[in-house]
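For reference, the structure discussed in these notes is given below.
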DNA sequence: CAGTGGTCTAGACCACTTC
DNA sequence: AAGTGGTCTAGACCACTGC
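Given below as structure tokens:
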């Protein structure tokens with residue numbers, strides 16, 4: 054009699070299973086961004102494991118910036134609405150090092166059928182409805198960023214220029230408070246391009262001026278892509294920073 | 054009698070002290086890149102703490118990519134000479150996703166007096182001797198990267214064009230094997246620029262073509278800056294990738 | 001089979017926050 | 001003082017590697 058081959062998923066530590074259960078609770082919005090989750094002891098009792106095992110699960114989620122630990126207070130669900138996290142994904146900063154206060158101006162917010170490229174990135178079907186937002190961000194009165202943003206129209210139902218204009222603050226805080234969608238991570242691809250006529254006009258630069266092109270896909274819980282950005286930065290007075298570890 | 058004010062450094066966990074001691078051993082080259090450090094039990098005995106405390110110290114060093122754990126084998130000092138780590142700091146990749154094989158061509162390697170900018174970044178005194186290297190990297194015969202590199206001439210004594218040309222492989226593996234200098238992390242600042250005549254010639258592009266300008270400072274143990282790079286990437290067929298967490 | 005890192009537990013105590 | 005996360009220990013057992 055042949056010996057059965059080994060199972061594919063050979064081994065999963067307890068703390069990984071706990072981590073998955075906590076993640077599921079986050080995804081199911083059982084605990085909302087900004088609020089505290091049960092204490093380590095409570096979770097240990099709920100899952101019938103020791104505190105140390107819960108600890109290790111939470112440690113990893115905190116390392117991934119999904120949870121935030123605060124000694125003496127508790128463990129909290131990460132939120133883009135905290136001051137510290139407002140510009141967590143913004144890597145642009147002034148060459149001078151001064152504080153960077155970007156002012157928003159929305160140019161458009163329209164529903165359209167997704168192109169095949171957008172659909173693929175958002176894991177939708179080509180032609181599914183998406184919302185396109187155009188915006189310019191300025192610093193000290195100078196336009197610095199021009200970007201187009203795409204969102205699934207079903208997830209962000211009813212999003213309009215008016216709603217955007219009522220909001221003052223970062224987009225990710227907006228998504229979170231208005232649509233219950235918390236961004237967990239993002240991936241960017243960066244190129245240098247020459248400004249065409251449209252970009253030159255928007256960013257008040259000569260035709261052909263070099264710009265940073267930043268393509269971003271942002272993900273919510275469960276590695277679900279929910280936002281596409283196609284941004285151009287004027288980097289004459291500011292730069293993109295990155296730390297390599 | 055007045056109560057003495059609180060000490061400035063109020064509290065330092067044991068595992069942080071252990072971590073500092075391991076770091077000191079790395080910096081002192083007691084254990085070399087690629088070799089294994091003593092087992093957790095041995096270190097626990099040496100420092101008179103429990104295995105768990107050593108574990109936590111090593112966990113953090115592994116998270117910072119200074120050490121690499123291998124179950125069943127031991128814990129090893131990170132090295133740029135392993136295949137996996139060869140291009141740890143290279144964030145450029147082809148749009149097509151194919152494998153990126155860059156070919157080196159060194160244009161110059163000359164000693165000079167450091168400018169004040171270079172000196173400040175390398176934490177040297179202005180005028181201290183540095184070595185400047187110019188190189189071009191090509192992919193499929195096309196020049197993609199032109200960069201200037203500066204190193205302290207005292208740390209990299211005797212570095213010459215001949216030595217560079219004898220070497221085939223990444224620079225950081227070269228620094229490590231030839232000068233005992235292991236790079237731990239790096240910081241980059243990125244801008245978009247228009248190619249001037251010199252860059253256009255080197256990268257075989259029309260004048261004014263947009264290029265990615267990447268300024269890098271690389272650090273060895275103890276946050277000591279030891280290498281400056283001033284690189285320009287042609288990003289028409291490739292892009293810079295970044296993950297935001 | 002011995003040695004390594006990886007997991008899990010139980011319990012003690014510390015540091016910080018809040019009441 | 002009570003409750004939270006943070007540190008530290010000791011010991012058991014598991015998974016992986018190499019002899």
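Chains as they are written, first to last, in the working numbering: chain A, 54 to 298; chain B, 54 to 298.
Just so it is clear, CB atoms sit at the ideal spot from N, CA and C, and this is done for glycine as well.
- Cβ proximity to chain A below 7 Å picks out 238, 239, 240, 241, 242, 243, 244, 245, 246, 247 from the segment 225-258 of chain B.
- Within the segment 91-122 of chain B, the residues whose Cβ lies closer than 8 Å to any Cβ of chain A are, in chain order, 116, 117, 118.
- At least one CB atom of chain B sits nearer than 8 Å to the CB of residue 295/A.
- Residue pairing by DSSP places residue 193/A opposite no residue, since no beta bridge is assigned to it.
- Burial state of residue 263/A is buried, judged by a 10 Å Cβ sphere holding 16 or more other Cβ atoms.
- Between residue 168/B and chain A, the shortest Cβ-Cβ separation is not below 8 Å.
- Per DSSP, residue 80/A is not a residue of any beta strand (DSSP E); the alpha helix (DSSP H) it occupies stretches across 67-80.
- Under the Cβ distance rule, residue 288/B counts among the residues neighbouring chain A, one pair being separated by less than 8 Å.
- Here residue 214/B is exposed. Its C-beta has fewer than 16 other C-beta atoms within 10 Å.
- Annotation for residue 179/A: 169, 172 place their beta carbon closer than 6 Å to its own, counting only its chain and skipping 5 residues before and after.
- Ranked by Cα distance from residue 78/B, the options 99/B, 65/B, 64/B, 220/B are led by 99/B.
- Bounds of the beta strand (DSSP E) holding residue 123/A are 120-123.
- The bridge partners DSSP lists for residue 292/A are 146/A.
- At a C-beta separation below 8 Å, residue 261/A has these neighbours in chain B: 247, 261.
- Inclusion of residue 261/A and residue 276/A in the CB contact set at 8 Å is not warranted, their separation being larger than that value.
- The beta carbon of residue 165/A is closer than 7 Å to those of 183, 185 in its chain, skipping five residues each way along the sequence.
- According to the DSSP assignment, residue 242/B belongs to no alpha helix (DSSP H) but to the beta strand (DSSP E) extending over 238-247.
- Under the DSSP assignment, residue 104/B falls outside any beta strand (DSSP E), being part of the alpha helix (DSSP H) whose first and last residues are 104-116.
- Under the 8 Å Cβ criterion, the segment 231-248 of chain B counts as touching the segment 279-296 of chain A, having at least three qualifying pairs.
- Non-local C-beta neighbours of residue 204/A in its own chain, meaning closer than 6 Å and more than five positions away in sequence, comprise 184, 280, ordered along the chain.
- With its beta carbon at least 8 Å from every one in chain A, residue 159/B lies outside the interface.
- Using a 10 angstroms sphere on the CB of residue 66/B, the tally of other CB atoms stays under 16, which defines it as exposed.
- Per DSSP, the beta bridge partners of residue 165/B are 183/B.
- Per DSSP, the continuous alpha helix (DSSP H) segment holding residue 255/A begins and ends at 250-256.
- Between the segment 214-232 of chain A and the segment 121-140 of chain A there are three or more C-beta pairs closer than 8 Å, enough to call the two in contact.
- Between residue 120/B and residue 237/B, the C-beta gap is not smaller than 8 Å, which leaves the two residues out of contact.
- Under the DSSP definition of a beta bridge, residue 278/B partners with 272/B.
- Per DSSP, reduced to three states, the secondary structure at residue 230/A is helical.
- Taking the Cβ atoms as the reference, residue 108/B lies roughly 6 Å from residue 93/B, within the contact range of under 8 Å.
- Annotated three-state conformation of residue 225/B is helix, per DSSP.
- Assignment of beta-bridge partners to residue 89/B by DSSP yields 129/B.
- Residues of the segment 127-153 of chain B with a C-beta atom less than 8 Å from some C-beta of chain A are 141, 142, 144, listed in chain order.
- Listed along chain A is no residue with a C-beta nearer than 9 Å to that of residue 193/B; the closest approach is about 18 Å.
- Residue pairing by DSSP places residue 158/B opposite 189/B in a beta bridge.
- For residue 208/A, same chain residues with a beta-carbon under 7 Å away, outside a window of 5 residues either side, are 232, 234, 279 in chain order.
- Within chain A, the C-beta atoms nearer than 7 Å to that of residue 292/B come from 242, 243, 244, in chain order.
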